[in-house]
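In what follows, a structure is listed as structure tokens, so that the remarks can point back to it.
Chains as they are written, first to last, in our numbering: chain A, 699 to 971; chain B, -14 to 297.
Here it is as structure tokens:
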């Protein structure tokens, strides 16, 4: 027996409905000289939307406290894999570790928002009739996210605000650096996050984003990671068909990433009876 | 249709003759049937062919509601959907309800060409006396049912009491009068594919106009291999007797893909003669919305969402 063993290499697949399937098309594309990622087709995108829709009632119906706990758990799991992510991100070691730490901190920051966003963004409205009038922000439904090029921090910054409020999402990972996204899916899969709340596709943005933008069962669209202005415009135009909420990179401030995918529900309740 | 002039005429003359005939049928190659069904299920049907298949499938749907919670209002809403499923899609083949709601459906569908089907004979278990089953059937027919979906007595069938099953089907067929009789085999309870083949022949010998896989209350319901075996049976039965019998898979067919797999199976097993709503039906409820969504996708080029179709 030789002392040298053959290393077991990971096949990077998609993350749909809590499972790790290959693309239904069977395709993959080269990411580095030695590594490939699955190249999702529009049918994978459709399946991911179905999975996200199925997960929505349970996730949006969970208590805000529970969603916060799960996000915090995601942060814990990510912290535990700090070195692995730093390896995968590459570049100078110190910067890579800083990136991972920033991603963990961002998750914790959004986890804390889970039971506060309604208090901050909701209102008790003064009305000129005997009613108690309350407005509270509610999740819109399924959100399609085109993740920014920054492979880990960008992804976390896009996904955490979408799901913390109770939405479910389909994410198109950064096209040139998709591998940390799939490793991040392993973190999600071990964090008690119900299957289908986050679905991650790798592949060509131009092949996936237009289908998600036009999909009638998608309620929100985050175009932060779209690389060309023409593509962003086309997606925004397609999104009008069913009045999707659209977020573009320019609007990335404070709680905006959360409120972009919430809609206000106002309740009138008779007072003084 | 010409009636049997072959030795089949007297196979039901006695318990022994019936048993000898049914057990004399060739056995089903289980692995072969599974593989053939799976292989036919991989066939790729795209673009214009897919559009045609979707429209054909819509025209074959028996839109069904068989819940304890069914109301007159729900049946009326379902009938409205049967007449105008959505967009410019054609009407479906029939609606299928419990006997007490037949009158409501018949009223809503009068003159439209959409048939009213009713389950009967102590559906879904079939556990009652023959008198009750016949009365159940007669009640549904009197209320205006064009088609009766009866269940066989699986207990009798599994204990080898074939003549009892045969005579019940004959009695219910007589109670149907003009109405068409669909015989539900409940294949999920028949255990083996050999039994599916035997039950298919038994039902056809007794005078079934259609053989149907399942009640929808038992899982597994309409699997592809079972539908394949039943399609082989109707094909062989017509070769032997000249009488054509229809097939209706029901239960568990929820997606357009499932429906198209069934159509491929019909084409490749029984042949194009069966590819009409007169000879092939799909018993379903949620399937219709999926067919409509796929239809919309082909028409608009974007994926459709359930928000834009009726709830049922």
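We treat Cβ as the ideally placed atom computed from N, Cα and C, and that holds for glycine.
Chain-ordered neighbours of residue i on chain B, where CB pairs are closer than 7 Å
i	result
residue 744(A)	288
Any C-beta of chain B under 8 Å from that of residue i
i	result
residue 969(A)	no
residue 912(A)	yes
residue 909(A)	yes
residue 915(A)	yes
residue 964(A)	no
Residue i - containing alpha helix (DSSP H), residue span
i	result
residue 134(B)	Where residue 134(B) is concerned, there is no enclosing alpha helix (DSSP H), although the beta strand (DSSP E) it sits in stretches over 132 to 136.
residue 100(B)	Careful: residue 100(B) lies outside any alpha helix (DSSP H), inside the beta strand (DSSP E) at 100 to 105.
residue 830(A)	That residue, residue 830(A), is in no alpha helix (DSSP H); its beta strand (DSSP E) goes 829 to 837.
residue 912(A)	903 to 912
residue 709(A)	From DSSP, residue 709(A) is part of no alpha helix (DSSP H); its letter is neither H nor E.
residue 764(A)	762 to 778
residue 122(B)	115 to 127
residue 43(B)	32 to 45
residue 896(A)	From DSSP, residue 896(A) is part of no alpha helix (DSSP H) but of the beta strand (DSSP E) over 896 to 899.
residue 282(B)	272 to 285
Cβ of residue i within 8 Å of any chain A Cβ
i	result
residue 291(B)	yes
residue 283(B)	no
residue 246(B)	no
residue -14(B)	Residue placement at residue -14(B) cannot be trusted, given a pLDDT of 42 that sits under 50; the coordinates are not used to answer.
residue -10(B)	With a pLDDT of 44 at residue -10(B), under the threshold of 50, the modelled position of that residue is not reliable, and no figure is offered here.
Beta-carbon spacing of residue i, residue j below 8 Å
i	j	result
residue 261(B)	residue 234(B)	no
residue 841(A)	residue 896(A)	no
residue 877(A)	residue 710(A)	yes
residue 89(B)	residue 50(B)	no
residue 849(A)	residue 753(A)	no
residue 838(A)	residue 914(A)	no
residue 60(B)	residue 67(B)	no
residue 750(A)	residue 894(A)	yes
residue 743(A)	residue 909(A)	yes
residue 40(B)	residue -3(B)	no
Chain E contact for residue i (CB, 8 Å cutoff)
i	result
residue 962(A)	The structure shown has no chain E; the protein chains it does contain are A and B.
Residues near residue i by beta carbon distance below 7 Å, same chain, minus five either side
i	result
residue 788(A)	794
residue 138(B)	111, 149, 150 and 153
residue 821(A)	833
residue 957(A)	819 and 835
residue 780(A)	795 and 798
residue 115(B)	153 and 156
residue -11(B)	With a pLDDT of only 43 at residue -11(B), under the threshold of 50, the placement of this residue in the model should not be trusted; the figure read from the coordinates follows. These residues qualify, in order along the chain: 226.
residue 757(A)	864, 866, 892 and 895
Bounding residues of the beta strand (DSSP E) (the contiguous stretch that carries residue i)
i	result
residue 728(A)	726 to 728
residue 79(B)	79 to 82
residue 882(A)	Counting along the chain, residue 882(A) falls outside any beta strand (DSSP E), though it belongs to the alpha helix (DSSP H) covering 877 to 887.
residue 968(A)	960 to 968
residue 165(B)	165 to 169
residue 918(A)	918 to 920
residue 267(B)	267 to 269
residue 233(B)	231 to 233
residue 196(B)	195 to 197
Sequence-distant residues of the same chain with beta carbon closer than 8 Å to residue i, five excluded per side
i	result
residue 122(B)	105, 106, 133, 135, 157, 160 and 161
residue 741(A)	722 and 723
residue 824(A)	831
residue 44(B)	75, 76, 77, 78 and 262
residue 846(A)	852, 853, 855, 856, 872, 922, 923 and 947
Same chain, Cβ closer than 6 Å to residue i, five either side skipped, listed in chain order
i	result
residue 25(B)	249, 250 and 253
residue 191(B)	151, 154 and 155
residue 970(A)	828
residue 42(B)	244 and 276
residue 210(B)	18, 19 and 22
residue 268(B)	47, 49, 233 and 235
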